[in-house]
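In mature numbering (1 follows the signal peptide of the UniProt record, and there is no 0), the protein residues as written are -22 to -1, 1 to 101.
In what follows, a single structure is set out as structure tokens and then discussed.
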Amino acid sequence: MTSILKNTLVAALMFTTVVSLANGPESTFGKKALEVEKNLISVELDPVFKKKGQKLFVNLLNLDQEKVTIKVIDSEGRIVFKEVIEGDVVVEKAFNFEQAYEDNYTVVIIDNDKTFKEKVAVK
């Protein structure tokens, strides 16, 4: 009879301990496993200019989808090409200078308040 009483007491104590841990304080037990912390990351990427022969490829990640201006300017300061792109997340442009006149050209990318330049020499 005493062994049954001891076993019942031990089982009751273990059950109470398990229940109290499962329903323990929310500040340490449940929150860490169930809450997801969201961190906002600010990413600033410059455009990628890639030259292949007399071709220039431009890629720009425009996460804010604001206005992006692309210009090609010759050595005299004349605007040879201009395009304004708005609302695109990825801005891609390819320039073929194979049939262009001999000159030094500058490709200008204006994104918000930042300006990026790449020079191309056609000979």
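Note that CB positions come from ideal geometry on N, CA and C, so glycine has one too.
Quick caveat, the model's predicted, so the values are computed rather than measured.
One Cα belongs to GLY55, the other to PHE75, and the distance between them is close to 17 Å.
In the structure shown, the three-state DSSP call for LYS49 is strand. Within the same chain, and ignoring the five residues on either side of PRO25 in sequence, the residues whose Cβ sits closer than 7 Å to its Cβ are VAL36, ASN37, LEU38, ILE87, PHE94. Under a 10 Å Cβ-count criterion, PHE(-8) is classified as exposed, with fewer than 16 other Cβ atoms of the shown protein chains found around its own Cβ.
In this structure GLY65 is not in contact with GLN32, their Cβ atoms being roughly 30 Å apart against a cut-off of 8 Å.
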